[in-house]
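Okay, structure first, notes after.
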Amino acid sequence: MRKFAKALALLLVVGAASPVFAGDAKPFTDANEINLLDLLPPPPANDSAQMKAELGEILTIQVTRTPEMSARAVADAEENIWRFSDVIDNPKFTKENLPKFSAFFDRIVETEGAVVDPAKDVWKRPRPHLYSDLVKPIVPLSKSGSYPSGHTTLGTLMGVVLSNMVPEKRDLIMARAWEYGHNRIVGGIHYPTDIEAGRISGVVIAQTIMTHDDYKTEYEAAKAELRTVLGL
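Read in order, the letters of the sequence shown correspond to residues -22 to -1, 1 to 210 in mature numbering (1 follows the signal peptide of the UniProt record, and there is no 0).
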């Protein structure tokens, strides 16, 4: 699946359709339109060699992660667009300065859950700390299914959309989105294949909602506001 994830990563440069303002934070789509059970392979079986290998990766990171890596992983437990503040690198990149942009990304956040949660409930992959008591997470615990990673799906989805708004920083934004997903492994709360599946899911969700009229309208207003406020 890693090769598949890398291939889909090439799609991240896709340009956004013309996309204003989200009033209510309701998802742009849900599992009725994007059924991840049809899109993704099932997670590795609990007794499989791959599961044991992935556990080994988590345990290796657990004993080699630096304080700086740990701090980033803990901070990235938040699920919002403001985690990209470091790469946008502009003091005006705040919720208060960007009400349309903020409301638009509230809908993006809701979209991730509407698509991913039903699949998690079916696959019910145990989180690493529930699979092995050797795993000591440093981020908030969750008993929801581990596969695919919702955080990674959201980080990838936000990265694709934000990089379309600010193409001048596309590489930095997408690198940050990739780190956001990887930090779920660093935090001890997800397996590598959860992250790979989340990246695939994020790209597919982005490509799908770009065709929706409400997305197009709200995207354009959010993008215009962002670029004006940032002086781009």
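For each residue, glycine too, the CB sits at the ideal point set by N, CA and C.
Since we're looking at a predicted model, the values are computed, not measured.
#### Entry: the segment 183 to 192 in contact with the segment 62 to 73 per 3-pair CB rule at 8 Å
no
### Query
Alpha carbon to alpha carbon, what distance is there between GLU35 and PRO21?
Against the sequence shown, residue 21 aligns to sequence position 43. Against the sequence shown, residue 35 aligns to sequence position 57. Spanning the two alpha carbons is a distance of roughly 16 Å.
### Task
Would you mind sorting residue 213 into buried or exposed? The rule is 16 or more other CB atoms within 10 Å of its CB.
Given a span of -22 to 210 for the chain in the structure shown, any question on residue 213 remains unanswerable.
### Query
Run through DSSP, which three-state label would TYR109 get?
In the sequence shown, counting from the first residue as 1, residue 109 sits at position 131. It is helical.
### Task
With ALA155 as the anchor, note down where its alpha helix (DSSP H) starts and where it stops.
Taking the first residue of the sequence shown as position 1, residue 155 is located at position 177. Residues 148 to 164.
### Query
Apart from the five residues just before and just after PRO170, which ones in its own chain have a Cβ nearer than 7 Å to its Cβ?
For the purposes of this step, residue 170 is taken as residue 192 along the sequence shown, with counting starting at 1. Closer than 7 Å at the Cβ level, and outside the excluded window around PRO170, lie GLU32, GLU35 and ILE163.
### Task
Quick one: using the 10 Å Cβ neighbour count with 16 as the cut-off for buried, is LEU210 buried or exposed?
Taking the sequence shown and counting its residues from 1, the one referred to as residue 210 is at position 232. Flag for LEU210 reads exposed.
#### Entry: Buried or exposed (CB count within 10 angstroms, at least 16 for buried), SER127
The residue you call residue 127 lines up with position 149 of the sequence shown. Answer is buried; the Cβ neighbour count reaches 16.
### Query
Is ASP172 buried or exposed, if buried means 16 or more other CB atoms sit within 10 Å of its CB?
Taking the first residue of the sequence shown as 1, we reach residue 172 at position 194. The residue is buried, with at least 16 neighbouring Cβ atoms inside 10 Å.
### Task
Pull up the distance between the alpha-carbon of residue 212 and that of LEU204, whole angstroms please.
Here the chain has residues from -22 to 210 only, and residue 212 is not among them.
### Task
Under 8 Å by Cβ, that's how I've got VAL117 and ALA55 pegged, so tell me the actual separation to the nearest angstrom.
For this step, residue 117 is matched to residue 139 along the sequence shown. For this step, residue 55 is matched to residue 77 along the sequence shown. Correct: roughly 5 Å between the Cβ atoms.
### Message
Using the Cβ count rule (16 or more neighbours within 10 Å means buried), how would you classify ALA175?
### Response
Here residue 175 corresponds to residue number 197 of the sequence shown, with the count starting at 1. Of the residues assessed, ALA175 falls on the buried side of the cut-off, its CB having 16 or more other CB atoms within 10 angstroms.
#### Entry: Inter-residue spacing [alpha-carbon to alpha-carbon] between GLY165 and SER48
To locate residue 165, count along the sequence shown from 1; it is residue 187. To locate residue 48, count along the sequence shown from 1; it is residue 70. Roughly 7 Å separates the two Cα atoms.
### Query
If you run the structure through DSSP and keep just helix, strand and coil, what is LEU210?
For this step, residue 210 is matched to residue 232 along the sequence shown. Here LEU210 sits in coil by DSSP.
### Task
With distances taken Cα to Cα, identify the nearest neighbour of TYR125 among PRO106, GLY137 and SER141.
Within the sequence shown, numbered from 1, the residue matching residue 125 stands at position 147. When only C-alpha atoms are compared, the closest one is PRO106.
#### Entry: Simplified DSSP state of PHE71, which is helix, strand or coil
For the purposes of this step, residue 71 is identified with residue 93 of the sequence shown, where counting begins at 1. PHE71 falls in the coil class under three-state DSSP.
### Query
Do you know offhand how far GLU74's Cα is from VAL93's?
As a working mapping, residue 74 is identified with position 96 in the sequence shown. As a working mapping, residue 93 is identified with position 115 in the sequence shown. So the two alpha carbons sit approximately 28 Å from each other.
### Query
Looking only at C-alpha atoms, which of GLU198, ALA9 and PRO5 sits nearest to VAL100?
The residue you call residue 100 lines up with position 122 of the sequence shown. The candidate whose alpha carbon is nearest that of VAL100 is ALA9.
### Task
Between the Cα of PRO77 and those of LEU150, GLU157 and ALA3, spot the shortest distance and give me the residue it belongs to.
Here the question's residue 77 lines up with position 99 in the sequence shown. Comparing alpha carbon positions, the residue from LEU150, GLU157 and ALA3 closest to PRO77 is ALA3.
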